[in-house]
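Residue numbers (the numbering used here): 15 to 292.
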C-alpha cells in the first residue's frame, strides 16, 4: 500500500498574502470578523469572505446567496495552515449554493492560499459586534446553525480593529481592556527592538499610564505582543499612544548595534513571557 503524501510544516503559512498579520490575528484573537479576498482567474475569480468562525465550526460555507465563506479558526491541520485553507476553499467552490463544508480532512501536498488567491486584492478587515454576518438578506440558517449563532452572540468579546497601525486589536474582556498587536517584523529583530524600549521603560503606552506591556504569544510565525490597558480605556484613546509606540519601535528596529547589558536582561525577560500557539 502506497504511503500517503504529507504536507511539509511551514512556520509562517500566511507569509506573502496581503494582510498576513490580520490573518494571524483573526485566527487567534478576534472573535467575529471578515476579510476580503478573491480567487485567481484560474479558479474562477470568485469573491471570498474570509471569516474567523462559521456556525457549527464549519470549515467553509457556500452560502445560499452564492457567497463563499472560509473560516480561519481551525482546530487541527497538516502543519501548513495555508495549504489546509486552500484545500477547504477549493472544496467549497465545488459545493452547491446553500451547502456547508462540515469536515476538514488533512490534505495532501497541493496549492496554497498564495497560489489560489489573487494577491493584488487587498485584505480589508471588518470587525463585527456579533455573528449575524453569517446570513444574508433572504438567506436562513438551519435551526441548529441558528442556535450556534445565537449562543455565540451572547458571549462575543467586544473587539475593535485600530487604525493607527496594522493588525492591532482592542478588546474588552470582563472588566479589563487589552491591546493585542500582530506584527509582521522578523521575530528576533522585533524582540531586540522591544528590548531596547523595555530597558528604557518605553515599551508601554503613554509612558505606561495607559497600558503596560505584559507579554507576547507566537502564532503562525509572528509575534503578538499584548498590553494590559488602564481600566475603562476606549479604543479611540489607544490610537495616538499606539502610533507613538510604533514610531519608537521603528527607530529601535533601525539600530544595528548589539544590545547592551540592560537590554539583554530586558530581552531575556521578554522571551520568558512568550507563549507559542499552534
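Positions of the beta carbon are idealized from the N, C-alpha and C atoms, including for glycine.
66 is the residue among 161, 66, 269, 96 whose C-alpha sits nearest the C-alpha of residue 142. Distance between residue 275 and residue 268, taken at the CA atoms: about 19 Å. By the criterion of a C-beta distance shorter than 8 Å, residue 236 is surrounded in its chain by 26, 34, 35, 38, 196, 197, 198, 201, once the five residues flanking it on both sides are discounted. Taking residue 289 as the centre and dropping the five residues before and after it, the same chain places the C-beta of 231 closer than 6 Å to its C-beta, in chain order. The beta-bridge partner set that DSSP reports for residue 82 consists of 62, 76.
A residue is called buried once 16 or more other Cβ atoms fall within 10 Å of its Cβ, and residue 171, having fewer, is exposed. Here DSSP, grouped into helix, strand and coil, assigns residue 117 to coil. Of the residues 218, 145, 168, the one whose Cα lies closest to the Cα of residue 192 is 218. DSSP, read as helix, strand or coil, puts residue 111 in coil. Between residue 239 and residue 208, the CB-CB gap stays under 8 Å. Taking a contact as a CB-CB distance under 8 Å, the pair residue 40 and residue 30 does not count as one, their CB atoms being some 17 Å apart.
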